[in-house]
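See below for the structure under consideration.
Residue numbers (this note's numbering): 36 to 370.
Next comes the structure, spelled out in structure tokens:
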């Protein structure tokens, strides 16, 4: 086994970004890129920013296709990009760990060393050489410093498209050498309608997914496909019974995410619990009740998620511990 079906830049139930046919909600951003290209003002490095699931990687591939298709047969160029076989395109992302049978947690300097080698090659096709980085947020410090050298000495007809969810966390020296292109999520209503019209989703489910994803279309679709929207409803139903705590319901949810089939739901469970803990803390403060128990639960569950990933705690026990923090907060708040 060389890699799993699910790629590191692809969420469960969604096509890889390079295979997305139509971008949704980013016509203005693409027009900016196309205009820069047409007038010969294409900056050597573009930092594509925005929330997760908004379509940043898909935008990067579309931008790459528009350049590569202009220097050769358009249909052939697009087909090669989708097949990860275009000689003038390199994608840098977390590598596959064949020993542990999983994607590595970060991009290392070994991956980044491929960039100058790629730009210095004499083979391939005429025209642009393009590197897509998805994403910069997963670079360790050595990798970031290694990429900086290429940014400081950009190659002729070389282009870097850097995807990032959190540009403020990147090295200032990297940010200063890039042109930033911010992709904003469409409205919740627009994404809801996109899900209904283009993906056959019911209005109720589409509304719930769009709200949960804050309008980010790819994120909303992934939440639906993974079952996270249904999980969020189950968590809300559980918390809606407060001050009574339904132990059976919490155990069912813990069991649901502890199976192999429910593995992809685990991060959604922790996200749901922390999101709802924060909501309940706000509501407690507004009602004159001490919010600290919910804030403590929020902090504890965040730490539990990191610990579960790092030391491989039993998935069910970790989930039960997260629910226990919520139950304790409910009792302390006397809801």
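Quick reminder that beta carbons are idealized off the backbone N, C-alpha and C, glycines included. Fair warning: this is a prediction, and the values are worked out from it, not measured in the lab.
Bridge-paired residues (DSSP) for residue i
i: residue 83; result: 198, 216
i: residue 137; result: 132
i: residue 126; result: 167
i: residue 142; result: 174
Proximal residues to residue i (C-beta, below 6 angstroms), its chain only, five neighbours per side dropped
i: residue 357; result: 308, 336, 339
i: residue 350; result: 293
i: residue 289; result: 351, 354, 355
i: residue 92; result: 44, 52, 169, 198
i: residue 187; result: none
i: residue 301; result: 292
i: residue 71; result: 77
i: residue 195; result: 80, 166
i: residue 36; result: Low confidence applies to residue 36: its pLDDT is 38, below 50, so where it sits in the model is not reliable, and the reading given next is rough at best. There are no such residues.
i: residue 109; result: none
Own chain, CB closer than 8 angstroms to residue i, minus 5 neighbours either side, in chain order
i: residue 140; result: 129, 173
i: residue 154; result: 164, 166, 185, 190, 193
i: residue 228; result: 241
i: residue 67; result: 216
i: residue 204; result: 172
Among the options, the one whose alpha carbon lies nearest that of residue i
i: residue 97; options: 55, 261, 75; result: 55
i: residue 287; options: 352, 161, 255; result: 352
i: residue 191; options: 78, 89, 94; result: 78
i: residue 306; options: 322, 270, 279; result: 270
i: residue 123; options: 102, 110, 138, 137; result: 102
i: residue 325; options: 295, 360, 369, 69; result: 369
i: residue 87; options: 280, 276, 201; result: 201
i: residue 127; options: 150, 205, 230; result: 150
i: residue 330; options: 303, 304, 362; result: 362
i: residue 35; options: 206, 57, 275; result: Residue 35 lies beyond the residue range present for the chain, which begins at 36 and ends at 370; the question has no answer from this structure.
i: residue 22; options: 252, 303, 137, 322; result: Nothing about residue 22 can be read from this structure; the chain reaches only from 36 to 370.
i: residue 121; options: 71, 267, 204, 160; result: 160
i: residue 132; options: 275, 276, 42; result: 42
i: residue 226; options: 59, 315, 95; result: 59
i: residue 162; options: 134, 230, 322, 100; result: 100
i: residue 222; options: 249, 322, 125; result: 249
i: residue 311; options: 268, 299, 295, 110; result: 268
i: residue 317; options: 303, 304, 333; result: 333
i: residue 104; options: 83, 69, 74; result: 69
i: residue 64; options: 299, 95, 135, 50; result: 95
Cutoff 7 angstroms; reference residue i; Cβ partners in own chain excluding five residues on either side
i: residue 264; result: 240, 243, 244, 247, 258
i: residue 367; result: 328
i: residue 322; result: none
i: residue 348; result: 342
i: residue 297; result: 291
i: residue 313; result: 333
i: residue 365; result: 277, 278, 280
i: residue 38; result: Confidence in residue 38 is poor, its pLDDT being 48 and thus under 50, which makes the residue's placement too unreliable to answer from.
i: residue 319; result: 325, 326, 329, 368
Chain C within 8 angstroms of residue i, Cβ atoms only
i: residue 144; result: Protein chain content of the structure displayed is limited to a single chain, and chain C is not contained in it.
* To do: Taking only runs that begin and end inside the stretch 161-230, name each unbroken beta strand (DSSP E) of 3 or more residues, in chain order.
  => Within the stretch 161-230, complete beta strand (DSSP E) segments of at least 3 residues are found at 164-169, 193-199, 214-217, given in chain order.
* Cβ contact (3+ pairs, closer than 8 angstroms) linking the stretch 203-218 and the stretch 231-244 -> The stretch 203-218, when compared against the stretch 231-244, does not touch it at the 8 angstroms Cβ threshold.
* **Start-end ranges of the alpha helix (DSSP H) lying completely within the stretch 268-327, minimum 4 residues** => List check, alpha helix (DSSP H) in window: 282-293, 301-321.
* Asked: Between the stretch 244-262 and the stretch 275-289, do at least 3 Cβ pairs fall closer than 8 angstroms?
  -> Not touching, per the Cβ criterion.
* Do the stretch 135-149 and the stretch 169-187 meet, that is, are 3 or more Cβ pairs less than 8 angstroms apart? -> Cβ pair count under 8 angstroms is three or more, so yes.
* To do: Report the residue ranges of all alpha helix (DSSP H) runs contained in full by the stretch 85-109; include only those spanning at least 4 residues, in chain order.
  => For the stretch 85-109, the full-length alpha helix (DSSP H) segments reaching 4 residues or more read 91-105 along the chain.
* **the stretch 108-127 / the stretch 70-90 touching (three or more Cβ pairs under 8 angstroms)** => Contact fails: fewer than three Cβ-Cβ distances are below 8 angstroms.
* Within the stretch 227-257, note down every full alpha helix (DSSP H) run reaching 4 residues or more, in order along the chain. => The stretch 227-257 contains these whole alpha helix (DSSP H) runs: 238-247.
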